[in-house]
């Protein structure tokens, strides 16, 4: 049975049980490595709606709306009023496309592209709730008079094309700043847009695996790509060790994912194997309490903590099989020691998690607890200092 079928057998909870994380490091994502400004080219060719319709018909625009799911898209009335604007000769806001792939990525204008696609290509949209052209209500594209069809297709539009060659961090910033939809894109949604293809497919494969869903107790929502975000976080810290971390967190994750670009199938398989082994070990030790902070044995179950997921999975992925076996046997000791250490460790799991100090300290402390446990040490109200 395929991996997707296995994952589908596990019911994913609709409850959001992820602890709110403060990643603030006092810095926003920025360009820290030199690049040639001449490589960033944005052209504005004189296109019409007809040109855009032609690309939409031939699947030359990536209409993957994973990062803005159907519940966030315009209603039929809103889409109809956009078509009405075209018929009235009103200008539309500028479209922005990323042309680094043959299928253009939509930087800004997804809702408008969907409306045009639904009316002119799929022809599933019937005009409704119009403000001025009431006589056209309930008409589809094929129902319009030829002059009206031509009026739509020949309407000029402003199109900005980000040409090939722009660094990914530049493309990330453009997506973040230019996307003017009603729903602000999350960092992972933007990353998914700029890592289309091999990398996004690999992230999806890991996020849908049975081991991930089981270890997280099926509590990571798929909406807004929250599950992809957890996986991307693991990949970045797995591929670039925390000692090399530089804030901010988003830029670090982008650098990590870029390392997958030239990864061989064998290396991707190794990463997947290590990821699954780390999740299996976490589940064996913590059960459905994995990745949740615990300050005492009697604490109620806390939400899943993303930074704790990061440090547990990356640390466990680096252990050899013998250490896995030993840690499984010593699971009660590890859980006890972590409770004793949580007074210190917990500070680096929730506040300012994107700072260099927090990243270094949480990995150092957790690694120390694991190594002490493997050596048979049992903490007695031990206070660990970072």
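Numbering (the working numbering), first residue to last: 416 to 801.
Idealized CB from N, CA, C, for every residue including glycine.
The C-beta of residue 710 has fewer than 16 other C-beta atoms within 10 Å across all chains shown, which makes the residue exposed. Judged by DSSP secondary structure, residue 463 falls within the beta strand (DSSP E) whose first and last residues are 461-463. Taking C-beta atoms as the reference points, residue 584 and residue 516 fail to come closer than 8 Å. Between residue 458 and residue 521, the alpha-carbon positions lie close to 15 Å from each other. Here residue 512 is bridged, per DSSP, to 521, 576.
Here the alpha carbon of residue 716 sits roughly 12 Å from the alpha carbon of residue 433. 525 is the residue among 502, 525, 504 whose C-alpha sits nearest the C-alpha of residue 489.
Within the same chain, and ignoring the five residues on either side of residue 547 in sequence, the residues whose Cβ sits closer than 8 Å to its Cβ are 499, 503.
A distance below 8 Å separates the beta carbons of residue 630 and residue 705.
A Cβ-Cβ contact shorter than 8 Å links residue 494 with residue 534. Here residue 695 has 626, 630 as same chain residues with Cβ atoms under 8 Å from its own Cβ, once five neighbours each way along the sequence are excluded. A distance below 8 Å separates the beta carbons of residue 586 and residue 577.
Bridge partners of residue 785 according to DSSP: none are assigned. In the three-state reduction of the DSSP assignment, residue 780 falls in the helix class, which pools H, G and I. A contact is defined here as three or more CB-CB pairs under 8 Å, and the region 638-654 meets this definition with respect to the region 670-680. Contact between the region 600-607 and the region 535-554 is absent: fewer than 3 CB-CB pairs across the two stretches fall below 8 Å. With contacts defined by Cβ atoms closer than 8 Å, residue 475 and residue 518 form a contacting pair. When 744, 514, 769, 675 are compared, the shortest CA-CA separation from residue 697 is found for 744. Distances from the alpha-carbon of residue 664 to those of 560, 722, 686 put 722 closest.
Each residue's CA atom was taken as its position, placing residue 759 and residue 591 some 35 Å apart. At a cut-off of 4 residues, the continuous stretches assigned as alpha helix (DSSP H) that sit fully inside the region 572-646 are 583-593, 602-609, 613-622, 625-630. Residue 781 places its beta carbon less than 8 Å from that of residue 730.
In the DSSP assignment, residue 476 falls outside any alpha helix (DSSP H), carrying neither H nor E. Between residue 510 and the set 552, 686, 463, the nearest pair of CA atoms involves 463. Apart from sequence neighbours up to five positions away, the residues of its chain that approach residue 477 with a beta-carbon distance below 7 Å are 518, 519, 520, 521, 611, ordered along the chain. Short of 6 Å from the beta carbon of residue 769, and not among the five residues preceding or following it, lie these beta carbons of its own chain, in chain order: 438, 440, 662, 663, 664.
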